[in-house]
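Below is one structure, written out as structure tokens; comments come after it.
As structure tokens, then:
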């Protein structure tokens, strides 16, 4: 289990982020500048709306302690490669999805350590583990921003190779995501069984409410149907792998996935049960009415 926590988890997340970076070009970031208003709506929804909804869900379902802090950790994590794949399946604006994921992932190096520090102290009180916000930010840089940057360098200097390898990396990233979720649940099986009755519905509500909220907010600001779908998915789908990977760093453990990482693991399973029907519904509608 030590190998899983200290080596396999960080390397798996790095591969997942590399798969994101290798699909990025400077044009993706120029597109953000050209469509700044749309990007701003998506970014604010991810940075503010999700944590607010998560906090309300925690109160509504009576979650406490490390479980509650873990739900907030999940809410602070940006959308991962999964959101890009789901946006493609939903026939959304994939370029917008990738740009949002990349830039929010980079910004999360600052936001996640700061917000997690607050949520751990708020929900765990005297039981809150001591961790360095600076060390957590450095770890996030090494396992998220750096692989994205390496992927972009590969795409720039070896574009044909990047184009060939990108689909394989996306598949590998998806497989690694599933394995990470299963490993995290298995290592906390008793805790998972004990909390699933309350945690499962809470995370399902979080996923559904944020997806619908993103859709309605996009419609309210007059975005195109493709942009509305993308904002909805980017807001509704979180990078559970990042939450699972950061949990041991926050809790300061090396012998397994701590309790604070359990919500991210459960969410990884719940997300597919709620997101797949939602995507099928989005695909059934050719445009917003």
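Residue numbers (this note's numbering): 106 to 394. The C-beta atom is built at its ideal place from N, Cα and C for all residues, glycine as well. Computed from a predicted structure; not experimentally measured.
Spatially closest choice to residue i from the options, by CA coordinates
i	options	result
residue 180	196, 192, 222 and 158	158
residue 204	131, 390 and 172	131
residue 232	312, 176 and 170	170
residue 141	208, 377, 213 and 324	208
residue 146	119, 230, 335 and 249	335
residue 172	325, 352 and 123	352
residue 299	371, 155, 327 and 135	371
residue 197	320, 152 and 153	320
Beta-carbon gap between residue i and residue j smaller than 9 Å
i	j	result
residue 239	residue 186	no
residue 246	residue 201	no
residue 346	residue 117	yes
residue 340	residue 316	yes
residue 303	residue 166	yes
residue 354	residue 195	no
residue 211	residue 250	yes
residue 229	residue 174	yes
Nearest-angstrom Cα separation, counted from residue j out to residue i
i	j	result
residue 270	residue 192	20 Å
residue 373	residue 309	11 Å
residue 268	residue 254	16 Å
residue 349	residue 284	12 Å
residue 356	residue 199	35 Å
residue 113	residue 369	17 Å
residue 417	residue 219	Past the boundaries of the shown model lies residue 417; the chain is included only from 106 to 394, so the question cannot be answered.
residue 161	residue 155	10 Å
Own chain residues within Cβ distance below 7 Å of residue i, not counting five before or after
i	result
residue 121	185, 186, 278, 281, 282 and 346
residue 342	184, 187, 188, 191, 376 and 380
residue 226	233
Nonlocal neighbours in the same chain, by C-beta distance under 6 Å from residue i, ignoring five residues either side
i	result
residue 259	127 and 267
residue 287	none
Close Cβ partners of residue i (< 8 Å) along its chain, the five nearest in sequence each way excluded
i	result
residue 215	242
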